[in-house]
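Student: First the structure, then my questions, so here it is.
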Amino acid sequence: MSETYDFLFKFLVIGSAGTGKSCLLHQFIENKFKQDSNHTIGVEFGSRVVNVGGKTVKLQIWDTAGQERFRSVTRSYYRGAAGALLVYDITSRETYNALTNWLTDARTLASPNIVIILCGNKKDLDADREVTFLEASRFAQENELMFLETSALTGENVEEAFLKCARTILNKIESGELDPERMGSGIQYGDASLRQLRQPRSTTAQSKQQCSC
Amino acid sequence: MAMLTLPIVVLYEQEGIFIHSDSERNEDQDSLISGFLRVTEKEGELIVEYKPMEDAVDPSNILCAGKDSSSVVEWTQCPKERMQKNVENQLSYEAEWDMVNTISFKKKPYTNGEGVLSHVHERNKWAFFFNVGDLKTIKIKKEGWPYLVFCLKDETSLPALHFHQGGSELFLDCLKKHVLLDESPFDQTVLIVNNHSKALSQSFENLFDDTTFGLVQKFKKDPYTTTLGGFSKVTNYLFDAFRGQDAEHLQRPASEVADLLSEAIPGLEINHQEEPGFEVITRIDLGSRPEVERREPVSIEEWTGKVDSEGRIQNVLHLKLIIFKGGLCHVVRKEAWKFLLGYFPWNSTRDERKNLQKRKTQNSFSVLLQRISIHEFLQAGNHSKHCSLLFLEKDVNRTDRTNTFYEGPDNPGLILLHDILMTYCMYDFDLGYVQGMSDLLSPILYVMENEVDAFWCFVSFMEQMHQNFEEQMQGMKTQLIQLSTLLRLLDITFWNYLESQDSGYLYFCFRWLLICFKREFSFQDVLRLWEVMWTGLPCQNFHLLVCCAILDSEKQKIMDEHYGFNEILKHINELSMKLDVEEVLQKAEAICLQIKNCKDLPSAVCEILGVKSEALNPAAESSEQKTLPVKQTSKMMHAVEPNQSSVPLDRDGQSREPAQVVFSLPHA
Chain W
400 MSETYDFLFK FLVIGSAGTG KSCLLHQFIE NKFKQDSNHT IGVEFGSRVV NVGGKTVKLQ
460 IWDTAGQERF RSVTRSYYRG AAGALLVYDI TSRETYNALT NWLTDARTLA SPNIVIILCG
520 NKKDLDADRE VTFLEASRFA QENELMFLET SALTGENVEE AFLKCARTIL NKIESGELDP
580 ERMGSGIQYG DASLRQLRQP RSTTAQSKQQ CSC
Chain P
434 MAMLTLPIVV LYEQEGIFIH SDSERNEDQD SLISGFLRVT EKEGELIVEY KPMEDAVDPS
494 NILCAGKDSS SVVEWTQCPK ERMQKNVENQ LSYEAEWDMV NTISFKKKPY TNGEGVLSHV
554 HERNKWAFFF NVGDLKTIKI KKEGWPYLVF CLKDETSLPA LHFHQGGSEL FLDCLKKHVL
614 LDESPFDQTV LIVNNHSKAL SQSFENLFDD TTFGLVQKFK KDPYTTTLGG FSKVTNYLFD
674 AFRGQDAEHL QRPASEVADL LSEAIPGLEI NHQEEPGFEV ITRIDLGSRP EVERREPVSI
734 EEWTGKVDSE GRIQNVLHLK LIIFKGGLCH VVRKEAWKFL LGYFPWNSTR DERKNLQKRK
794 TQNSFSVLLQ RISIHEFLQA GNHSKHCSLL FLEKDVNRTD RTNTFYEGPD NPGLILLHDI
854 LMTYCMYDFD LGYVQGMSDL LSPILYVMEN EVDAFWCFVS FMEQMHQNFE EQMQGMKTQL
914 IQLSTLLRLL DITFWNYLES QDSGYLYFCF RWLLICFKRE FSFQDVLRLW EVMWTGLPCQ
974 NFHLLVCCAI LDSEKQKIMD EHYGFNEILK HINELSMKLD VEEVLQKAEA ICLQIKNCKD
1034 LPSAVCEILG VKSEALNPAA ESSEQKTLPV KQTSKMMHAV EPNQSSVPLD RDGQSREPAQ
1094 VVFSLPHA
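Heads up: the sequence lines are chains W and P, in that order.
Note that the first sequence covers residues 400 to 612 in the working numbering.
Note that the second sequence covers residues 434 to 1101 in the working numbering.
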């Protein structure tokens, strides 16, 4: 039978071409660096079940093509994503400069509540760095993103990026800030009984609190 | 802590939009409020905002000044009669909205400083904004100055906005990107705003403004008029309605449903006549699918047997037919592909081809030389070209790197791949490099093992594929629409299923079409598939039937397992490298014959496949491959003679040495 899990989250990996999106996905799924990875045409797909805070969560991850020309196509895959890895290459300022566009796309086309983690990939190529950690973390703060520098080559922070994103979504569900039952939330229950268990808690929605900061 | 907010993105802005604030007496006395309309997006919320202009250049000032100071705007007191004169179809004016809440206010004459202030204040009363999520309908009037009237979900109607300087279409287009605007079944001038989650999936769907999709949408939006427009055409929709999404119905045999249908509507006849701009979707009995057989690849003996003493190819049609039926042995490819791609004319002699090759070598060399200077130019400025070259560099390093021909660092095959793509960018400067091109070149270079031949063969191939890569991706749109037309003919049940899963636009076939199945089959199978397709047999757009063949094998699983949008994509993606090329080709050919044998083919299908409704003699359509025009005028340069590789090839080309091609500059 099919694998069991408490939740299913739809994730996106977005960012400019050649930033290592597919390699991050591959590293996360297969635990190794994909040496001769082809550039992505259209979208590719991967999934993995992870354990986050005592819950099993299936991550369904869509990896998109990076070239501007294809954005009208890749956008159609954005629908209903709960989380996203927004990737740039620390050795390429151009990929960093493109972040705003990707961010806008994600927030407008996926879900306004999409949880996004910014990933400065190719951390291992520190000698060729063009974007400092500080600069990117400031950008992340200004745009309410989480931020990590990652290396798909060494695997550093790759698992963390996906898990951090998943954990945040889970916290938001538990706090009532995110409603998995809303259409296009990008979240599904893995088990119908869980929904019944959870429902009383969600009535104490704390969503009002977030506006008071 | 300060709130961190997203920047506001302006999606639409238009000046010269007027509110005719009081038109009770007559039009001349309209008080015109000039302002601008804006659609902005903030934190995922879409806001429509109207603001009167604050500057003095404003016709309403003049009109206002000339007006009786007693002109009172009474939005809430007796709005209904008044506004219905002015704007039809406004239902009620419950005071919710800022301006409406202002019970009544006097228009003060514009006299002194104080007047200016209050004038501004007064003008601001006309400002409004609302969240698109709260929008219920938009009424449109197009005679004269177009105007729009917004009605919100709480039944508030906002004053009509008159687009004196145009821009109403753009505004609606902008909204359509985010919400569905459906024509009201009761009033053609009213658009009903549909805010449900589908809005987010619109981006790719916007690619399709073709009428092929129009009918389906039209029928959903407006069954009344569509039905009246051609009742007979509704048959299939009724069929679908009967079928529903019920699994039970899915299994009901088509014939049974058809019987049900004709019982339900006696005397119903399906009208096959098509009207312009109106796609007829009729259920056609395609008949059974014939058995077809494939044959052995064309051997070197068979190939040389077709070549006369001067090197001309004899009996081209038969040759194409056997290539279509079985492909080519690898040893023949290097020669045969040049003909198939149109680089060599079929009727050319050996000597003519030698000269041609010489000319082409010079041409591409001149292109190569130009490349250097253009490269410098690019580095100086043009940003998008610069980006496209960056992609090129990146992608070359990740194209077929597991193939021995391209593997390892500093592989000469890789360098050639890079140089040819570079040359192509200069050759087709407007297009530049687009991701996917390296996939199309890689097999050609692998077979040609020569920069010049590979370049010109690639040029020919790109002539066919060009549209896929253009900025607006027109080629992709067209093909997806055509594929959809074919799928509906072959299996409307499956197509309806896809539609019900928001997959009717067939995005999951995107990669197939963009790079001609390059990533779907193993490298060797791609060579086979391409040479078969390049014969131009047995019909036009055979590659679409290849898509149909693959989907035909998967449709049962997709429907049985009740795959949704994500699962369909995932399933199709994961077919990659698992498909059997011979099986797929066999089925595609069988489908082609099945369609050709059908009597009453819709003309759209005939057009796509280039067939007539009756079975067609394949000989009639295998038109001669055209030779390609050379886009770049040649500057005579020193010729570069490639040292043609003489490395023996084994049958499947697996264990060859990587690129044996060496270029040397001849002595001047």
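Beta carbons are placed, not taken as given, at the ideal position from N, Cα and C, and that holds for glycine.
Computed from a predicted structure; not experimentally measured.
Just to confirm, is the Cβ distance from residue 552 (chain W) to residue 517 (chain W) under 7 angstroms?
Tutor: No, Cβ-Cβ distance for residue 552 (chain W) and residue 517 (chain W) is not below 7 angstroms.
Student: Quick one: what's got a C-beta closer than 6 angstroms to residue 857 (chain P)'s C-beta in the same chain, skipping five residues either side?
Tutor: No residues qualify anywhere along the chain.
Student: Output yes if chain P places a C-beta closer than 7 angstroms to the C-beta of residue 419 (chain W); else output no.
Tutor: It does not: the Cβ of residue 419 (chain W) has no partner Cβ on chain P nearer than 7 angstroms.
Student: Whose Cβ in chain W lies nearer than 7 angstroms to the Cβ of residue 1006 (chain P)?
Tutor: Correct list: 443, 444.
Student: Enumerate in chain order the residues of its own chain whose CB-to-CB distance from residue 744 (chain P) is below 6 angstroms, with the five nearest sequence positions on each side excluded.
Tutor: Hits under 6 angstroms: 782, 783.
Student: If you reduce the DSSP assignment to three classes, tell me which class residue 471 (chain P) lands in.
Tutor: Strand at residue 471 (chain P).
Student: Which first and last residues belong to the beta strand (DSSP E) in which residue 584 (chain P) is found?
Tutor: That run of the beta strand (DSSP E) goes 580-585.
Student: In or out: residue 403 (chain W) buried (at least 16 other Cβ within 10 Å) or exposed?
Tutor: Exposed: under 16 other Cβ atoms inside 10 Å.
Student: Pull the bridge partners of residue 446 (chain W) from the DSSP assignment, please.
Tutor: Paired residue(s): W:459.
Student: Assuming residue 786 (chain P) and residue 1024 (chain P) form a contact by the criterion Cβ under 8 angstroms, report the distance between their Cβ atoms to the nearest whole angstrom.
Tutor: Wrong, their Cβ atoms sit about 36 angstroms apart, outside the cutoff.
Student: Taking DSSP as the reference, what is the three-state secondary structure of residue 542 (chain W)?
Tutor: Residue 542 (chain W): coil per DSSP, three-state reduction.
Student: Tell me the DSSP secondary structure of residue 838 (chain P) in three-state form.
Tutor: DSSP places residue 838 (chain P) in coil when its eight states are reduced to three.
Student: Under 8 angstroms between beta-carbons, which chain C residues line up against residue 911 (chain P)? List them in chain order, please.
Tutor: You won't find chain C in this structure, because its protein chains are W and P.
Student: By the criterion of Cβ-Cβ separation under 8 angstroms, what are the contact partners of residue 579 (chain W) in chain P?
Tutor: Correct list: empty, because the minimum Cβ distance to chain P is about 14 angstroms.
Student: Between residue 540 (chain W) and residue 407 (chain W), is the Cβ-Cβ spacing less than 7 angstroms?
Tutor: No, Cβ-Cβ distance for residue 540 (chain W) and residue 407 (chain W) is not below 7 angstroms.
Student: Residues bridged to residue 406 (chain W) by DSSP?
Tutor: Answer is W:456, W:588, bridged to residue 406 (chain W).
Student: Against chain P, does residue 506 (chain W) count as a neighbour if the rule is that its beta carbon must be under 7 angstroms from one of theirs?
Tutor: It does; some Cβ of chain P falls within 7 angstroms.
Student: Taking the continuous beta strand (DSSP E) assigned at residue 520 (chain W), which residues delimit it?
Tutor: From DSSP, the beta strand (DSSP E) with residue 520 (chain W) extends over 514-520.
Student: Taking Cβ positions, are residue 836 (chain P) and residue 956 (chain P) nearer each other than 7 angstroms?
Tutor: Taking 7 angstroms as the Cβ cut-off, residue 836 (chain P) and residue 956 (chain P) qualify as a contacting pair.
Student: What's the call for residue 575 (chain P), buried or exposed, on a 16-neighbour Cβ count within 10 Å?
Tutor: Per the 10 Å Cβ criterion, exposed.
Student: To the nearest angstrom, report how far apart residue 898 (chain P) and residue 822 (chain P) are at their CA atoms.
Tutor: For residue 898 (chain P) and residue 822 (chain P), the distance between alpha carbons rounds to 20 angstroms.
Student: Roughly how many angstroms separate the alpha carbons of residue 918 (chain P) and residue 1037 (chain P), rounded to a whole number?
Tutor: When rounded, the distance between both Cα atoms is 8 angstroms.
Student: Do three or more CB pairs link the region 989-1005 of chain P to the region 935-947 of chain P at distances below 8 angstroms?
Tutor: Judged by Cβ distances under 8 angstroms, the region 989-1005 of chain P makes contact with the region 935-947 of chain P, as three or more pairs qualify.
Student: Touching or not, the region 899-918 of chain P and the region 958-969 of chain P, by the rule of three or more beta carbon pairs under 8 angstroms?
Tutor: The answer is no - the region 958-969 of chain P does not touch the region 899-918 of chain P, with fewer than three Cβ pairs under 8 angstroms.
Student: Going straight from the alpha carbon of residue 444 (chain P) to that of residue 876 (chain P), what length do you get?
Tutor: Between residue 444 (chain P) and residue 876 (chain P), the C-alpha separation is close to 43 angstroms.
Student: Can we say the region 592-602 of chain P touches the region 611-620 of chain P, given the rule of at least three CB pairs closer than 8 angstroms?
Tutor: Touching, no.
Student: Quick check: residue 996 (chain P) and residue 889 (chain P), are their CB atoms within less than 7 angstroms of each other?
Tutor: For residue 996 (chain P) and residue 889 (chain P), no; Cβs fall outside 7 angstroms.
Student: Give me the Cα-Cα distance between residue 411 (chain W) and residue 732 (chain P), rounded to the nearest whole angstrom.
Tutor: The straight-line gap from Cα to Cα measures roughly 48 angstroms.
Student: Establish whether the CB of residue 948 (chain P) and some CB of chain W are separated by less than 7 angstroms.
Tutor: Closer than 7 angstroms: yes.
Student: Would you call the region 427-442 of chain W and the region 491-504 of chain W in contact, with 3 or more CB pairs under 8 angstroms?
Tutor: No: the two stretches stay apart, fewer than three of their Cβ pairs being nearer than 8 angstroms.
Student: Please give me, in chain order, every unbroken run of the alpha helix (DSSP H) with length at least 4 that falls completely inside the region 564-625 of chain P.
Tutor: DSSP runs (the alpha helix (DSSP H)) wholly in the region 564-625 of chain P: 601-609.
Student: Return no unless some Cβ of chain P is closer than 7 angstroms to the Cβ of residue 520 (chain W).
Tutor: False, the Cβ-Cβ gap to chain P never drops below 7 angstroms.
Student: Is residue 466 (chain W) close to chain P? Criterion is C-beta to C-beta, closer than 7 angstroms.
Tutor: Yes, contact with chain P.
Student: Please classify residue 935 (chain P): does DSSP put it in a helix, a strand, or coil?
Tutor: In the structure shown, residue 935 (chain P) sits in coil (DSSP, three-state: anything other than H, G, I, E or B).
Student: Keeping to the same chain, check which residues put their C-beta closer than 6 angstroms to that of residue 562 (chain P); ignore five residues upstream and five downstream.
Tutor: Excluding residues within five positions, the ones whose Cβ falls inside 6 angstroms are 480, 482.
Student: Rounded to the nearest angstrom, how far is the Cβ of residue 454 (chain W) from that of residue 569 (chain W), given a contact under 8 angstroms?
Tutor: With a Cβ gap of about 6 angstroms, residue 454 (chain W) and residue 569 (chain W) count as contacting.
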